[in-house]
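Note sheet for the following structure.
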Amino acid sequence: MGSRASTLLREEEIEEIKKETGFSHSQITRLYSRFTSLDKGENGTLREDQVNFRGFMRTLAHFRPVEDNEKNKNPPTTEPLNSRTNKLLFAFRLYDLDRDDKISRDELLQVLRMMVGVNISDEQLGSIADRTIQEADQNGDNCISFQEFMKVLEKVDVEQKMSIRFLH
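Going by our numbering, the sequence shown opens with residue 916, and the numbers climb by one from there.
Structure (structure tokens):
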């Protein structure tokens, strides 16, 4: 009970998070309440080696609807986290497990296994990974770069598909 007070957000932190993420004051306080309910250790993180509230908010900001940018009264000094490019970069990084700026067949297989578990055979997963790389790879390196990833998704409404409505 006592440690909960030490993790309360200060007004200046809320203002910094507003500028960084585009969320409103009320959205931040509501999401903070949800975050603290997930923080079972009451130490300001979801796991000690993982996500603090600021990181939690930065991740969620990628999923804000793009039209919310127009409601934000401050002109952005950097590209908003919920821009098309940043949404795609966020998705790309989910696949780029070794952070080498390309998605290999092995990385694609690892992510596919995490997504479908044992419901699809290794042979089927391999076929999906091979076909995906074959369709996306434009320079013949048997990997998918961020530029190739963006090209494959150019006709996909990423702004809508990667958006969650947050209550005000």
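Glycine included, every Cβ here is placed at the ideal spot set by N, Cα and C.
For the alpha helix (DSSP H) containing residue i, list its first residue and its last residue.
i	result
histidine 940	940 to 953
aspartate 1037	1037 to 1051
methionine 972	968 to 976
valine 1071	Looking at the DSSP string, valine 1071 is not in any alpha helix (DSSP H), and its letter there is neither H nor E.
Quick check on residue i: does DSSP put it in helix, strand or coil?
i	result
glutamate 926	helix
isoleucine 888	Since the first and last residues shown for the chain are 916 and 1083, residue 888 lies out of range.
threonine 1000	helix
threonine 993	coil
arginine 919	At arginine 919 the pLDDT is 42, less than 50, meaning the model places this residue with poor confidence; the figure from the coordinates comes in the next sentence. Helix at arginine 919.
serine 1078	coil
If you count every other CB in all the chains shown that lies within 10 Å of the CB of residue i, and 16 or more means buried, which is it?
i	result
serine 952	exposed
arginine 1014	exposed
lysine 1070	exposed
asparagine 958	exposed
aspartate 1011	buried
glutamine 1075	exposed
asparagine 997	buried
aspartate 954	buried
lysine 1066	exposed
methionine 972	buried
tyrosine 947	buried
glutamine 942	buried
glutamate 1038	exposed
isoleucine 1079	exposed
threonine 993	exposed
methionine 1029	exposed
Using DSSP bridges, identify the partner residues of residue i.
i	result
serine 1060	Lys1017
**Asked** What are the start and end residues of each continuous alpha helix (DSSP H) run of 4 or more residues lying completely inside the stretch 999 to 1028, in chain order?
**Response** 999 to 1010
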